[in-house]
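J.: Here the protein sequences come in this chain order: D and B. The letter at position 182 of the first sequence is residue 193 when you use the working numbering, and the numbering goes up by one with no holes. The letter at position 184 of the second sequence is residue 296 when you use the working numbering, and the numbering goes up by one with no holes. Glycine included, C-beta positions come from ideal geometry on N, C-alpha and C.
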Amino acid sequence: MTVMDLSAQNVPVARGIAETDVTTKMTARHVNVFYGTKQAIKDVSIDITRENVTAFIGPSGCGKSTFLRCLNRMNDTVDSARVEGEIKLDGTDIYTGDMDVVQLRARVGMVFQKPNPFPKSIYDNVAYGPSIHGLASSKADMDSIVEGSLRRAGLWDEVKDRLTESGTALSGGQQQRLCIARAIAVDPEVILMDEPCSALDPIATARIEELIDELRGRYAIVIVTHNMQQAARVSQRTAFFHLGTMVEYGNTSDIFTNPVEQRTRDYITGRYG
Amino acid sequence: MNSAQVASRPPTDWASPKMRTRIARRYRSESIFRNLGLFALVLAASFLAFLLFTVVRDGWQGFLSTDVKISITYDPAVLGIDPAATKGPNAQAALQAGDFQAVMAAGVAKLGDEADTVSEGAWLVLRKQLMEDPALLGKTVSVWVPAKSTIDLLAKGKFDLSKPELERGVSDADVAHFNDLKKAGLLRTGFSRIFITGADSTSPELAGIWGATVGSLLTLFVTLSLAFPVGVLSAIYLEEFAKRNRWTDLIEVSINNLAAVPSIIYGLLGLAVFLNFLDMPRSAPVVGGLTLALMTFPVIVIAGRVAIKSVPPSIRDAALGIGASKVQVVFQHVLPLALPGILTGTIIGMARALGETAPLLMIGMRAFVSDTPVGLTSPATALPVQVFLWSDDVARGFVEKTSAAIMVLLVFLLLMNSLAIYLRNKYERRW
Ligand SMILES: Nc1ncnc2c1ncn2[C@@H]1O[C@H](COP(=O)(O)OP(=O)(O)OP(=O)(O)O)[C@@H](O)[C@H]1O
Ligand SMILES: [Mg+2]
Numbered sequence: 012m013t014v015m016d017l018s019a020q021n022v023p024v025a026r027g028i029a030e031t032d033v034t035t036k037m038t039a040r041h042v043n044v045f046y047g048t049k050q051a052i053k054d055v056s057i058d059i060t061r062e063n064v065t066a067f068i069g070p071s072g073c074g075k076s077t078f079l080r081c082l083n084r085m086n087d088t089v090d091s092a093r094v095e096g097e098i099k100l101d102g103t104d105i106y107t108g109d110m111d112v113v114q115l116r117a118r119v120g121m122v123f124q125k126p127n128p129f130p131k132s133i134y135d136n137v138a139y140g141p142s143i144h145g146l147a148s149s150k151a152d153m154d155s156i157v158e159g160s161l162r163r164a165g166l167w168d169e170v171k172d173r174l175t176e177s178g179t180a181l182s183g184g185q186q187q188r189l190c191i192a193r194a195i196a197v198d199p200e201v202i203l204m205d206e207p208c209s210a211l212d213p214i215a216t217a218r219i220e221e222l223i224d225e226l227r228g229r230y231a232i233v234i235v236t237h238n239m240q241q242a243a244r245v246s247q248r249t250a251f252f253h254l255g256t257m258v259e260y261g262n263t264s265d266i267f268t269n270p271v272e273q274r275t276r277d278y279i280t281g282r283y284g
Numbered sequence: 113m114n115s116a117q118v119a120s121r122p123p124t125d126w127a128s129p130k131m132r133t134r135i136a137r138r139y140r141s142e143s144i145f146r147n148l149g150l151f152a153l154v155l156a157a158s159f160l161a162f163l164l165f166t167v168v169r170d171g172w173q174g175f176l177s178t179d180v181k182i183s184i185t186y187d188p189a190v191l192g193i194d195p196a197a198t199k200g201p202n203a204q205a206a207l208q209a210g211d212f213q214a215v216m217a218a219g220v221a222k223l224g225d226e227a228d229t230v231s232e233g234a235w236l237v238l239r240k241q242l243m244e245d246p247a248l249l250g251k252t253v254s255v256w257v258p259a260k261s262t263i264d265l266l267a268k269g270k271f272d273l274s275k276p277e278l279e280r281g282v283s284d285a286d287v288a289h290f291n292d293l294k295k296a297g298l299l300r301t302g303f304s305r306i307f308i309t310g311a312d313s314t315s316p317e318l319a320g321i322w323g324a325t326v327g328s329l330l331t332l333f334v335t336l337s338l339a340f341p342v343g344v345l346s347a348i349y350l351e352e353f354a355k356r357n358r359w360t361d362l363i364e365v366s367i368n369n370l371a372a373v374p375s376i377i378y379g380l381l382g383l384a385v386f387l388n389f390l391d392m393p394r395s396a397p398v399v400g401g402l403t404l405a406l407m408t409f410p411v412i413v414i415a416g417r418v419a420i421k422s423v424p425p426s427i428r429d430a431a432l433g434i435g436a437s438k439v440q441v442v443f444q445h446v447l448p449l450a451l452p453g454i455l456t457g458t459i460i461g462m463a464r465a466l467g468e469t470a471p472l473l474m475i476g477m478r479a480f481v482s483d484t485p486v487g488l489t490s491p492a493t494a495l496p497v498q499v500f501l502w503s504d505d506v507a508r509g510f511v512e513k514t515s516a517a518i519m520v521l522l523v524f525l526l527l528m529n530s531l532a533i534y535l536r537n538k539y540e541r542r543w
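1) Please name the residue or residues paired with Gly-302 of chain B in a DSSP beta bridge.
2) What is the rounded straight-line gap between the Cα of Tyr-230 of chain D and the Cα of Gln-241 of chain D?
3) Whole angstroms are fine: how far does the CA of Gly-159 of chain D sit from the CA of Val-55 of chain D?
4) On a Cα-Cα basis, can you pick out the residue from D:Ile-57, D:Asn-63 and D:Lys-53 that is closest to Asp-32 of chain D?
5) Exposed or buried, which one is Phe-86 of chain B when buried takes at least 16 other CB atoms within 10 Å?
6) Distance, Cα to Cα, Asp-295 of chain B vs Pro-316 of chain B?
7) Going straight from the alpha carbon of Val-122 of chain D to that of Thr-458 of chain B, what length do you get?
8) List the residues that DSSP assigns as beta-bridge partners of Thr-408 of chain B.
9) Hey, does Leu-134 of chain D have any beta-carbon neighbour from chain B nearer than 8 Å?
10) Below 8 Å on the Cβ atoms is my guess for Ile-133 of chain D versus Arg-173 of chain D; work out the distance and round it to an integer in Å.
11) Quick one: does Ala-436 of chain B have its CB under 8 Å from some CB of chain D?
12) Is there at least one non-hydrogen atom of ligand 1 closer than 7 Å to the beta-carbon of Thr-65 of chain D?
13) Return the CA-CA distance between Leu-318 of chain B and Leu-495 of chain B, expressed in angstroms with no decimal places.
14) List in chain order the residues whose CB is within less than 7 Å of at least one heavy atom of ligand 2.
15) Report yes if the C-beta distance between Asp-323 of chain B and Thr-493 of chain B is below 8 Å; otherwise report no.
16) Using the C-alpha atoms, what's the distance from Gly-255 of chain D back to Lys-75 of chain D?
17) Kindly examine ligand 1 and report whether one of its heavy atoms sits closer than 7 Å to the Cβ of Gly-69 of chain D.
18) Measure the beta-carbon distance from Ser-515 of chain B to Ile-306 of chain B and round it to whole angstroms, keeping in mind my assumption that it falls under 8 Å.
19) Does the beta carbon of Ala-194 of chain D come closer than 8 Å to any beta carbon on chain E?
20) Taking the DSSP output, what are the residues bridged to Arg-80 of chain D?
21) Give me, in chain order, the residues of the same chain whose beta-carbon lies closer than 7 Å to that of Ala-194 of chain D; leave out the 5 immediate sequence neighbours on both sides.
22) For ligand 4, is there a heavy atom less than 7 Å away from the beta-carbon of His-237 of chain D?
23) Could you give the uninterrupted runs of the alpha helix (DSSP H) lying entirely in the segment 451 to 502 of chain B, keeping only those of 4 residues or more?
24) Check whether the segment 278 to 293 of chain B touches the segment 432 to 447 of chain B, taking contact to mean three or more Cβ pairs, one atom from each stretch, closer than 8 Å.
25) Kindly indicate if chain B contains any beta-carbon less than 8 Å away from that of His-144 of chain D.
26) Where do the N-terminal and C-terminal ends of the beta strand (DSSP E) with Asn-43 of chain D fall, by residue?
27) Does DSSP put Gly-259 of chain D in a helix, in a strand, or in coil?
28) Is any heavy atom of ligand 1 found at a distance shorter than 7 Å from the C-beta of Lys-49 of chain D?
29) Answer yes or no: does any C-beta atom of chain B fall closer than 8 Å to that of Val-113 of chain D?
30) Around the Cβ of Val-365 of chain B, are there at least 16 other Cβ atoms within 10 angstroms (buried) or fewer (exposed)?
31) Please classify Ser-231 of chain B as buried or exposed, where buried requires at least 16 neighbouring CB atoms within 10 angstroms.
32) Sorted by chain position, which residues of the same chain lie with C-beta nearer than 8 Å to Arg-394 of chain B's C-beta, five sequence neighbours on each side aside?
33) For Arg-116 of chain D, would you say it is in contact with chain B, using Cβ-to-Cβ distances shorter than 8 Å as the test?
34) Spell out the partners DSSP gives Arg-93 of chain D in its beta bridges.
35) Quick one: what's Gly-120 of chain D bridged to in DSSP?
36) Does DSSP put Met-528 of chain B in a helix, a strand or coil?
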C-alpha cells in the first residue's frame, strides 16, 4: 500500500508518506461506526505501518477510542455499536468470518487508559495470555516468556523478587508497564494504547514513552494521546480526528510544524480542544 | 451584582446573636437526630435481647432431664430371648426382639408406690443398654431411666407448690412420690442425651431434636445442590451472555418478583407439582428440599447478579484484550471475583430456607416422625416445623422443649450468618 492508493481513496491528507520500505500492518477503509443511531466515526481510512508509531490526537469525544477499539473488535462488547467499512490485518478483513476474534485480539493487543492488572500475581498476569493461547511448551518456557516480557516492558528489575505478589499492589506506573508486559507476552503484531499515560506522573510517563520507543519496529504501535508533546515525542505518524472524521494524517513532524488544515493548526496551537 | 454593591456589602458578623442562635439550633437538631438514632438502635437491640433472654430462660432446662434409678434384671425368660441366639450372627436382632416392657414392668414394680414416676418409654433405654452390652443378659443391674415428665418438671421447680392442687397442674400424689424418691436419692437431673440424640415422641421426656436436625440438614442439602448451580448459572447467563431485550427484561422482573412471593405459595406449588403430579413421597426431605430450592433460587440469582455486576468492566476488557474467550473471561476472571458475594447471598438464602416453616407444612413435613430420617425419601420433619409442632402440644413438658429447639435452630442460623460475614470480610474487594 502506498500513498497513491490512499489518495485514490480520498484519504484526506497523507503528505510525505512515501517510503517504500515500510510494511503496512493494518488498513482501514471508509470506516463508519454507530452507537445506536448516533454516528461516532465518519468515513475514516488509514494505514497503520509496522515501523512507525502512529498517534491519534483530537479533542475529547471525537472518536479516537472508538476507532482504536475497532481495530481489535473490542467494540463487539458494546451492544449498541455497529461498524461499517473494511478493516484489514495483513490483508485479511477482520470483520469477516475468516477471522477469529479471539485470535485477532491476541495479534492486536491493547493497553487501556486505566491500568487494569488482574487481581492475581505479577507472574500470573503476564503468563495468562500465553497460557490460554498455548504459547509455552513447559514451565521453563513460560518462565522465560514472563521474564522476557517483563524485561521488554522495563519492569523486570523492579519486580523480579516479588513475582508472586499481587499485580494490583504495584504503583500506577508499574501497573501500566505490567499491562504492557501482559500485552506483549502473547507476542502481538500490533499494540493499541488508549491514553496509556493519562493516569501517570511525569516520571512514569517518561518511562512508558521510552518503552514505546524501544518497542517500535518490532510491533506496530498506535497510541491515543491528549498530550501534544507526547505525540510529538513518541510518534512518527499522527492522525488528527475531529467530530468523528479524520481531518489530517501525515508525518508527525509535518502535522506539528506545518499542518494543512486550519482545524489541525487550531487544535495543535491550543486554540480549541 | 456589580463591584460597587459588593464593596458596599457590610462584612459578615460571624459573632452576631443571630449567628449564635443559628449555630445553637444546628447543634440542637444534630443532637436530636443522633439521640433518635441511638434510641431506635437501643430499642431494636433490647427487643432482640428480650427475645433471646426469654428463649434461653425457658429453654436451657430443655437440655436437662430427670432420671429415676431402678434395679433391672435382664432375665432371658422374661425377655423371651434365647441366650444361645445372642452369640450368633443375628445377635442384635435377637436382642432387639426382646420383651423389654415386661422387664421394665418388673423393675419398676420394685419401686412400690413410686412405680408411677417412671416414663412409659423407659424400656427403650433398657433395650439400648442391653444391645450395647449383651453381657448384661441374665444379670441384675441398677439403671437410670427417664422419669415421667411431671417428675422432671417438679425436679426443675416448674410448679408453684404453694397453690392448691387443682390450680398448680400437678397432683398431690405426684408431689409426694417426687419427695420420697428425692429423699431416697433415687433421682438425678442432668444433661439429657435423649434430647440431643433422639427424635420426636409423644412424651416430652423422650422427645429429641436430632431427628428434626437431620431432617433439616437433608432438606438443605437438596436445596443447596439444586438452587446453587441453577441460580449461579442463571445469574451468569443473564448478566454476561443474554442480550438485553424484552424477554430478558421479563425474566428479570419475574425473578425479582419470585423472591418476594410468600413462602406458603411455594408450599402449595410443591404440593401440587411434586406430590400430586409427580407423585413423590410425602414428608420426605427431597420434596422439602425441592420446594425450598424454588424459593431460594431467586435469592441466589439476585445475589449472584449483583456480585457479577460489581466486578469492574476493566477486568473483562483486560482479559478480552489479550484474546480470552467469553467463557474464559467469565470462568477465569469474573466468577472467582464474584464468588464471595455469591456465596454470601447463598448462605443468607439457605439460612432463610432453614428457618422456613410454611412450605414444609404444606408438603407434609409436619407429620409425627419418631425415627431419625436415614435418607432423602424417609419421612422427616425439620427444625422450625418441630418448634411449631411442640409449641402446639398440650403436654406441659413441651414448653421448655420448644424453647430448647428454638435455641438449636438459632445456633445453626447464627453459624450460617457468621460464615457469610466471615466470607464477606475475608474476600473483600481486591481491585
Ligand atoms: N458505549 C457508547 N455508547 C454510546 N456512545 C458512545 C459510547 N462510547 C462512546 N460513545 C460516543 O462516541 C463518541 C466518541 O467517543 P470516544 O470515546 O471514541 O471519544 P474519544 O475521542 O476517545 O474521547 P476522549 O479523548 O475523551 O477519550 C462520543 O460522542 C461518545 O459520546
Ligand atoms: Mg478515549
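T.: Per the coordinate set shown:
1) B:Ser-177
2) 19 Å
3) 36 Å
4) D:Asn-63
5) Because chain B in this structure spans residues 113 to 543, residue 86 of chain B falls outside the shown range and cannot be described.
6) It is worth fixing the name first, because residue 295 of chain B is Lys in this sequence and not Asp. Computed Cα separation, rounded: 25 Å.
7) 36 Å
8) Bridge partners of Thr-408 of chain B: none, in fact.
9) This sequence places Tyr at residue 134 of chain D; Leu is not what is there. It does not; no Cβ of chain B falls within 8 Å.
10) 7 Å
11) Closer than 8 Å to some Cβ of chain D, the Cβ of Ala-436 of chain B qualifies, so yes.
12) no
13) 17 Å
14) D:Lys-75, D:Ser-76, D:Gln-124, D:Asp-205, D:Glu-206 and D:Val-235
15) A small correction: the amino acid at residue 323 of chain B is Gly; Asp does not occupy that position in the sequence shown. Yes, the Cβ-Cβ distance between Gly-323 of chain B and Thr-493 of chain B is below 8 Å.
16) 8 Å
17) Under cutoff, so the answer is yes.
18) That pair is no contact at about 17 Å.
19) As a matter of chain content, chain E is missing from the structure shown, whose protein chains are D and B.
20) DSSP lists no partner for Arg-80 of chain D.
21) Gly-120, Met-121, Val-122 and Ile-202
22) As for ligand 4, it is missing from this structure, which binds only ligand 1 and ligand 2.
23) 470 to 474
24) no
25) yes
26) Counting along the chain, the unbroken beta strand (DSSP E) around Asn-43 of chain D starts and ends at 35 to 46.
27) Residue 259 of chain D is actually Glu in this sequence, not Gly. Here Glu-259 of chain D sits in strand by DSSP.
28) yes
29) yes
30) exposed
31) buried
32) Leu-387, Ile-475, Gly-476, Ala-479 and Pro-491
33) Yes - at least one Cβ of chain B is within 8 Å of the one on Arg-116 of chain D.
34) D:Phe-45
35) D:Ile-202
36) helix
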